[in-house]
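Comments concern the structure below.
Number of protein chains: 2
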Amino acid sequence: MERRRQARGERRMAEILDAAADAFAELGYEKASTNAIAARAGISPGSLYQFFPSKEAVASALAGRFVADMRAAHGSAFGEADVAGMDLDELLDRVVDPLVAFNLANPGFKALFARPDMPSALAESSRPIQAAMLGQVESILDARVPGLAPADRARSARVLVRVFQAMTPLVAAAPEEERPAEVAELKRVLKGYLTSLSA
Amino acid sequence: MERRRQARGERRMAEILDAAADAFAELGYEKASTNAIAARAGISPGSLYQFFPSKEAVASALAGRFVADMRAAHGSAFGEADVAGMDLDELLDRVVDPLVAFNLANPGFKALFARPDMPSALAESSRPIQAAMLGQVESILDARVPGLAPADRARSARVLVRVFQAMTPLVAAAPEEERPAEVAELKRVLKGYLTSLSA
DNA sequence: TGAAAATGCGAGCGACCGCTCGTATTGTTC
DNA sequence: GAACAATACGAGCGGTCGCTCGCATTTTCA
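Chains as they are written, first to last, in the numbering used here: chain A, 39 to 237; chain B, 39 to 237.
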């Protein structure tokens, strides 16, 4: 079902995803109309549909690109060093800072991944990264809190991811000089919870 | 600008708010159309607009009713007893349990309050709820952590409310037998953060 | 009892949505 | 350069949305 793409077409697709990320960030998924996305990309509505069969497909492709970008930029920082022995503050710095930076650098990201009411195909696209993040967090938990039962570990991982997702918009919305303080609070929440788990 | 209402009109307004709460809970704010709300209330679209000038006004009135209901049901538990001297676990029980119960008993509530990404129109309508919650939490913080600077206190209140908002859907989505465990995790997060603030 | 006010109706307006289609242009292949 | 695929256009389709308006019915009150 794949059609032959020209180099120009590949470029167009990237431009469309850029425009979609912009529009999603500024307007949210629902209010970012396909015509508006096309206009931001400097093309006609019809041209958008030369490359993506639906609005959902655009979002899905954008989600895929976010996943790839995140893996490329920060994937290694997640699970490589000796998590078990590291100072808790340092561990939090190593995990939280790159993720916060990615969220700030990609404002459209949260519109696609931090939503409770997502279109089904969109939820499907975001499942890999959700699962990956949960898995990484679970492996960290496994190293830091060895006595945890699997069900409790899974639940705690969900809690940690959820707290991060909830706090990130607070960080992004804060004026720039307030951000370090907001990030510190995010880490404080996570640290308090992790400390409580170890006790 | 107020018009004279008959008793029937007051009843209708309550029915419309009931229908709106239903529709918001089931469909979310955006997809709950005013015609659908009117249909659920058993009236015509025109009749709905006899009582509310816009969809946002319906949401705003519903938010107001939620605040009143919450105050009536659990308001006393929030700020009356000696918050300062109370055991932290007991304080959390007294604050969290009624709020969780209210959320579970009023499924439409989370569409107005516990939604991480709030459209601007909705944000305005739900501000009374947010303001009420922040104020209560700030007064508790004032009693429990007296050394906190006003700006830090406000920030911490935002963090606590945000965490609660983020965790509540997790509680609501969990199967009934899992809920106590999820609530316990919610309290654990809040306790860890509060403990960290006092240190 | 009769006029005025409040309540009730529902077809439909104007705006916008995701998306299509006929057609024109550009690029590739031989 | 001819044949064909890929790219580009934009008016407009079918549909939904929040909301209106002309008009019928019920209630209030003098």
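Beta carbons are placed, not taken as given, at the ideal position from N, Cα and C, and that holds for glycine. Predicted model, so just to flag it, every value in this text is computed and none were measured.
Just to make sure I have the definition right: I need the residues of chain A whose C-beta is within less than 9 Å of the C-beta of MET205/B. Which are they?
To locate residue 205/B, count along the second sequence from 1; it is residue 167. VAL197, ARG200, VAL201, ALA204, listed in chain order.
Does THR72/A have its Cβ less than 9 Å from a Cβ in chain B?
Reading the first sequence from its first residue, position 34 is the one you call residue 72/A. With 9 Å as the cut-off, THR72/A does not count as an interface residue toward chain B.
Terminal residues of the continuous alpha helix (DSSP H) containing ARG50/A?
Translated into positions along the first sequence, residue 50/A becomes position 12. Run containing ARG50/A: 45 to 65, per the alpha helix (DSSP H) assignment.
So that I know if they touch, is there some Cβ in chain A lying closer than 9 Å to that of LYS93/B?
Walking along the second sequence from the start, residue 93/B turns up at place 55. Cβ-Cβ to chain A under 9 Å: no for LYS93/B.
Listing by chain order, which chain B residues have their CB less than 9 Å from the CB of ALA219/A?
Counting from one through the first sequence, the residue named residue 219/A turns up at place 181. Correct list: ALA189, ASP190, ARG193.
Just to check my reading of the structure: ILE81/B and ALA58/B have Cβ atoms closer than 8 Å, yes? What is that Cβ distance to the nearest angstrom?
If you number the second sequence from 1, residue 81/B lands on position 43. If you number the second sequence from 1, residue 58/B lands on position 20. Not a contact, Cβ separation roughly 12 Å.
So which residues of chain A does GLY185/B contact, with C-beta pairs closer than 9 Å?
The residue labelled residue 185/B in the question sits at position 147 within the second sequence. Correct list: empty, because the minimum Cβ distance to chain A is about 16 Å.
Is the CB-CB distance between GLU223/B and SER194/A below 9 Å?
Your numbering for residue 223/B matches position 185 in the second sequence. Your numbering for residue 194/A matches position 156 in the first sequence. Cβ distance < 9 Å, so GLU223/B and SER194/A count as in contact.
Can a CB atom of chain B be found closer than 9 Å to the CB of ARG165/A?
Numbered from 1 along the first sequence, position 127 holds the residue referred to as residue 165/A. So, not an interface residue.
For LEU208/B, the nearest candidate out of LYS148/B, ARG103/B, TYR67/B, ALA99/B (CA to CA):
As a working note, residue 208/B is residue 170 in the second sequence. Of LYS148/B, ARG103/B, TYR67/B, ALA99/B, the residue nearest in Cα terms is LYS148/B.
I want to see whether chain A comes within less than 9 Å of ARG239/B, judged by CB atoms only; does it?
Only positions 39 to 237 of chain B appear in this structure, which leaves residue 239/B out of reach.
Quick one: what's got a C-beta closer than 8 Å to VAL221/B's C-beta in the same chain, skipping five residues either side?
For this step, residue 221/B is matched to residue 183 along the second sequence. Answer for VAL221/B: VAL134, ASP135, VAL138, VAL209, listed in chain order.
Please classify ARG78/A: does DSSP put it in a helix, a strand, or coil?
Numbered from its first residue, the first sequence carries residue 78/A at position 40. Here ARG78/A sits in helix by DSSP.
Just to confirm my understanding: we take MET39/B, look at its own chain, exclude 5 residues before and 5 after, and list those with CB closer than 6 Å. What are they?
Along the second sequence, read from residue 1 onward, the residue named residue 39/B stands at position 1. At MET39/B the pLDDT is 46, less than 50, meaning the model places this residue with poor confidence; the figure from the coordinates comes in the next sentence. Result list for MET39/B: empty, nothing under 6 Å.
Nearest CA to the CA of LYS229/B: which residue from ASP56/B, GLU128/B, SER71/B?
Against the second sequence, residue 229/B aligns to sequence position 191. Of the candidates ASP56/B, GLU128/B, SER71/B, the one whose C-alpha sits nearest the C-alpha of LYS229/B is GLU128/B.
Burial state of LYS69/B (16 or more Cβ within 10 Å):
Here residue 69/B is taken as the residue at index 31 of the second sequence, counted from 1. Exposed: under 16 other Cβ atoms inside 10 Å.
Does any residue of chain B bring its CB to less than 9 Å from the CB of GLU162/A?
As a first step, residue 162/A is located in the first sequence; it is residue number 124 there, counting from the start. Closer than 9 Å: no.
Per-residue contacts from GLU68/A into chain B (C-beta, under 7 Å)
Residue 68/A sits at position 30 when you count from the first residue of the first sequence. Simply GLU68.
Along chain B, in chain order, which residues have C-beta atoms closer than 7 Å to that of TYR231/A?
Along the first sequence, one-based indexing puts residue 231/A at 193. Within 7 Å Cβ-Cβ: ARG226, VAL227, GLY230.
Does the separation of the CB atoms of ALA79/B and ARG50/B fall below 9 Å?
Locating residue 79/B in the second sequence gives position 41, where the first residue counts as 1. Locating residue 50/B in the second sequence gives position 12, where the first residue counts as 1. Yes. Within cutoff.
Could you have a look at ARG103/B and say whether DSSP puts it in helix, strand or coil?
Reading the second sequence from its first residue, position 65 is the one you call residue 103/B. When DSSP states are grouped into helix, strand and coil, ARG103/B belongs to the helix group.
Just to confirm, are PHE90/B and ALA99/B a CB contact at a threshold of 9 Å?
Within the second sequence, residue 90/B is the residue found at index 52, counting from 1. Within the second sequence, residue 99/B is the residue found at index 61, counting from 1. Yes, these two residues count as a Cβ contact at 9 Å.
Please list the residues of the region 118 to 139 of chain A that have a C-beta atom closer than 8 Å to any C-beta atom in chain B, keeping them in chain order.
none
Residue burial classification, GLU176/B (beta-carbon count within 10 angstroms, cutoff 16):
In the second sequence, counting from the first residue as 1, residue 176/B sits at position 138. Looking at its Cβ environment, which holds 16 or more other Cβ atoms inside 10 Å, GLU176/B is buried.
Reduced DSSP secondary structure (H/G/I, E/B, other) of PHE90/A
Locating residue 90/A in the first sequence gives position 52, where the first residue counts as 1. Here PHE90/A carries a coil assignment [DSSP, helix/strand/coil].
Closer than 9 Å at the beta carbon, the chain A residues around LEU179/B
Along the second sequence, read from residue 1 onward, the residue named residue 179/B stands at position 141. Result: empty, since nearest Cβ-Cβ is about 13 Å, beyond 9 Å.
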